[in-house]
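Chemist:
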Amino acid sequence: MDFISVIEDKKSGRELSKEQLTYFANAAARHTVPDYQLSALLMAIRLQGMTPRETADLTLAMANSGDMLTPDVGGVALDKHSTGGVGDTTTLVLAPLVAACGGKVLKMSGRGLGHTGGTLDKLESIPGMSVNIDEQRFLEIVRTVGCAVAGQTKELAPADKTLYALRDVTATVDSIPLIASSILSKKFASGAGAIVLDVKTGSGSLMGSLEKSIDLAKTMVEIGTHAGRNIRAVISGMDEPLGSHVGNALEVKEAIDVLSGRVRGPLLDVSLFLGCQMLLTGGLVSSEEEAMLKLRRALKSGAGLAKLKEMIAAQGGDAAVCDDVSLLPQAPVITDIIADRDGYLGGMDTTRLGLVGRNMGAGRVRKEDPIDPAVGFVMKKRIGDRVKKGDVLCTLHARTEESAAEARDGVLGALRLQDAPCPPAPLILALVTPEGVRRF
91 MDFISVIEDK KSGRELSKEQ LTYFANAAAR HTVPDYQLSA LLMAIRLQGM
141 TPRETADLTL AMANSGDMLT PDVGGVALDK HSTGGVGDTT TLVLAPLVAA
191 CGGKVLKMSG RGLGHTGGTL DKLESIPGMS VNIDEQRFLE IVRTVGCAVA
241 GQTKELAPAD KTLYALRDVT ATVDSIPLIA SSILSKKFAS GAGAIVLDVK
291 TGSGSLMGSL EKSIDLAKTM VEIGTHAGRN IRAVISGMDE PLGSHVGNAL
341 EVKEAIDVLS GRVRGPLLDV SLFLGCQMLL TGGLVSSEEE AMLKLRRALK
391 SGAGLAKLKE MIAAQGGDAA VCDDVSLLPQ APVITDIIAD RDGYLGGMDT
441 TRLGLVGRNM GAGRVRKEDP IDPAVGFVMK KRIGDRVKKG DVLCTLHART
491 EESAAEARDG VLGALRLQDA PCPPAPLILA LVTPEGVRRF
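Residue numbers 91 to 530, in our numbering, belong to the letters of the sequence shown in order.
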């Protein structure tokens, strides 16, 4: 088969066959065509879209491009995936909390993508922490600890590993077929039996509008159900960073603060809602009320934080960071951004905030770029908050004074102060299940 003809078909708006999509996935997995041709097809898909049949066939072809695990983890293998956000640290809160409630969380995560952070980059800010572990060790940790978070091995969905990195640097991130096939191919390959998706919507999301986010959620729930998985999707808001901390070590610190009970707020609230859905899909509870009770008990007792310590230690990391967050990487330049007038925080350009973090070194412009684990920022105000002249809006953690100055301009440009009061940004907007859409 000629790859150029596949590009030509999609460029011209023609539907690709199952054979062509399998050829595409295998070419990405085995590197039998150059990156520039793969990138051309990604852009054609981004511009022309895909039918439901094409998306399902691409998902299964990507999953089957490598090993397909049938994990024995002592229970239903649970997984959760976010479509990406800013300050979205739910995995580091959720995985240990759900494990403390008896769940078996088998989490394959990714690197930062576009303006959004990556769970693997966050975990690697913990001294000694390894996210590159082989499949057998990965499953052993899930069996014994109850949760593990790792990157894709070369054997699991290798097509996605190649395409994921290319999408980040070719402006093809915001495509429903490419997002759906990327997420679900990893879930299918890892053997997850119950899957909860966190689909973001708002100014910092990949999809932007609520209706597009629901469309993506419905696409993935339909594909997952057809493949025999127990699957549901939560639509959550990304009109502002979910947590107050943005940056790899900073987000690990916030997750530890949440699990230790020192911090409450939107990050905890969304994590608990997602945790309820995970316990329900895994058959560990019979109602949301029962799930919430179990999760809150695990939080209050410290069982969730204890599980995080166990997971970090099992993956070679220094679990002492859970008791002393100063052991995490620290930025040399820390400076505040001060409000110059009274008002109310009426809105944020969350994508721009994510790009501020990326440009500081917390993310990548090119796939080979290194990550600076220490840099980022901490938002001190949320949408709807009253602001007084002299209040701290944000604290920057930068590598240099020059980087801090650039970041200051970016943060101020992303915030909208107004004279009139306004409501807080919504957190949970909808729940999509095989039975339909429930809006809140």
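Built from N, CA and C at the ideal position, the CB exists for glycine as well.
Which same chain residues end up closer than 6 Å to Lys478 when comparing Cβ atoms and leaving out the 5 residues on each side of it in sequence?
Modeler: The answer, listed in chain order, is Asp432.
Chemist: In three-state DSSP terms, what is Phe530?
Modeler: Note: Phe530 maps to coil in three-state DSSP.
Chemist: Are the segment 232-246 and the segment 394-413 touching, with three or more C-beta to C-beta distances below 8 Å?
Modeler: Short answer: they touch.
Chemist: Within the same chain, show all residues whose beta-carbon is closer than 6 Å to that of Asp475, passing over the 5 residues directly before and after it, in chain order.
Modeler: The residues are Leu435.
Chemist: Would Gly241 and Val263 be called neighbours here (beta carbons separated by less than 9 Å)?
Modeler: Cβ distance not < 9 Å, so Gly241 and Val263 don't count as in contact.
Chemist: I need the DSSP call for Cys366, collapsed to helix, strand or coil.
Modeler: Of the three classes helix, strand and coil, the one that applies to Cys366 here is helix, per DSSP.
Chemist: Near Thr243, what residues of its chain come up, given a Cβ to Cβ distance below 7 Å and the 5 sequence neighbours on each side ignored?
Modeler: So the list reads Asp224 and Glu225, once near-sequence residues are dropped.
Chemist: Between Lys100 and Gln138, what straight-line distance do the alpha-carbon atoms span, to the nearest angstrom?
Modeler: In a straight line, the C-alpha of Lys100 is about 7 Å away from that of Gln138.
Chemist: Take Tyr113 and list the residues in its own chain whose beta-carbon comes closer than 7 Å to its own, dropping the five residues that flank it on each side.
Modeler: For Tyr113, where only same-chain residues beyond five positions count, the Cβ hits under 7 Å are Met91 and Val96.
Chemist: Can you tell me the Cβ-Cβ gap for Met328 and Val176, rounded? I've got them flagged as a contact below 8 Å.
Modeler: Correct: roughly 7 Å between the Cβ atoms.
Chemist: Taking the straight line between their C-alpha atoms, what separation do you get for Gly164 and Gly192?
Modeler: In a straight line, the C-alpha of Gly164 is about 10 Å away from that of Gly192.
Chemist: Less than 9 Å between the beta carbons of Leu443 and Val360, yes or no?
Modeler: No, Cβ-Cβ distance for Leu443 and Val360 is not below 9 Å.
Chemist: Classify Arg322 as helix, strand or coil using the three-state DSSP reduction.
Modeler: Reduced to three states, the DSSP call for Arg322 is strand.
Chemist: Could you tell me whether any non-hydrogen atom of the ligand SAM is closer than 8 Å to the CB of Thr243?
Modeler: Summarising the ligand content, the structure contains no ligands, and the ligand SAM is consequently not present.
Chemist: Taking Cβ positions, are Arg387 and Ala393 nearer each other than 9 Å?
Modeler: It is a contact, given that the beta carbons lie within the stated cut-off.
Chemist: Let me know the secondary structure DSSP gives Val342 once reduced to three states.
Modeler: Three-state result, Val342: helix.
Chemist: Confirm, please, whether the CB-CB distance from Thr371 to Arg322 is below 9 Å.
Modeler: Yes; because the gap between Cβ atoms is below 9 Å, this pair is in contact.
Chemist: Between the segment 454-462 and the segment 516-523, can you find at least three pairs of beta-carbon atoms closer than 8 Å?
Modeler: The segment 516-523 is not in contact with the segment 454-462.
Chemist: With a threshold of 8 Å, are at least 3 pairs of Cβ atoms found where one atom belongs to the segment 151-170 and the other to the segment 376-385?
Modeler: They do not touch, by the three-pair rule.
Chemist: Using the Cα positions of Lys277 and Val342, report the straight-line distance between them to the nearest angstrom.
Modeler: Spanning the two alpha carbons is a distance of roughly 24 Å.
Chemist: Take the Cβ of Arg120 as the centre, count every other Cβ of all protein chains shown within 10 Å, and call the residue buried at 16 or more, exposed below.
Modeler: Result: exposed.
Chemist: May I have a chain-ordered list of the alpha helix (DSSP H) segments no shorter than 4 residues that lie completely inside the segment 128-172?
Modeler: Whole alpha helix (DSSP H) segments, 4+ residues: 142-153.
Chemist: Just curious, the alpha helix (DSSP H) that His487 is in, first and last residue?
Modeler: Not the alpha helix (DSSP H): His487 falls in the beta strand (DSSP E), residues Val482 to Ala488.
Chemist: Are the CB atoms of Val465 and Ala452 within a distance shorter than 9 Å?
Modeler: For Ala452 and Val465, yes; Cβs fall inside 9 Å.
Chemist: Give me the DSSP bridge partner(s) of Tyr434.
Modeler: DSSP lists Arg476 and Gln508 as partners of Tyr434.
Chemist: Less than 8 Å between the CB atoms is what I'm expecting for Ala255 and Gly156, so what's the real figure, rounded?
Modeler: That belief does not hold up - the Cβ atoms of Ala255 and Gly156 are roughly 16 Å apart, past 8 Å.
Chemist: Taking the alpha carbon of Pro217 as the point to measure from, which residue in Arg472, Thr485, Ala409 and Lys471 has its own alpha carbon closest?
Modeler: Of Arg472, Thr485, Ala409 and Lys471, the residue nearest in Cα terms is Ala409.
Chemist: Which residues in the same chain have their Cβ closer than 6 Å to the Cβ of Val188, if we skip the five residues on either side of it in sequence?
Modeler: Val195, Gly365 and Met368.
Chemist: State yes or no: is the C-beta of Glu330 within less than 9 Å of the C-beta of Thr181?
Modeler: No.
Chemist: Along the chain, where does the beta strand (DSSP E) containing Gly466 start, and where does it finish?
Modeler: Gly466 to Met469 is the span of the beta strand (DSSP E), which, as asked, contains Gly466.
Chemist: Let me check understanding here. Comparing Cα to Cα, which of Val123, Leu296, Leu106 and Leu132 lies closest to Thr260?
Modeler: Measuring from the Cα of Thr260, the nearest candidate turns out to be Leu132.
Chemist: If the criterion is Cβ atoms closer than 9 Å, does the pair Leu296 and Gly174 meet it?
Modeler: Yes, they are a contact pair.
Chemist: Do the CB positions of Leu300 and Pro186 come within less than 9 Å of each other?
Modeler: Their beta carbons are not under 9 Å apart, which means Leu300 does not touch Pro186 by this criterion.
Chemist: Is the beta carbon of Leu445 sitting closer than 9 Å to the one on Thr179?
Modeler: Contact flag unset, no.
Chemist: Please look up how many angstroms separate the CB atoms of Ala118 and Leu253, rounded, as I've assumed it's under 8 Å.
Modeler: Indeed, because the Cβ distance is near 5 Å, the residues count as touching under 8 Å.
Chemist: Give me the Cα-Cα distance between Gly373 and Val166, rounded to the nearest whole angstrom.
Modeler: Answer to the nearest angstrom: the Cα atoms are 8 Å apart.
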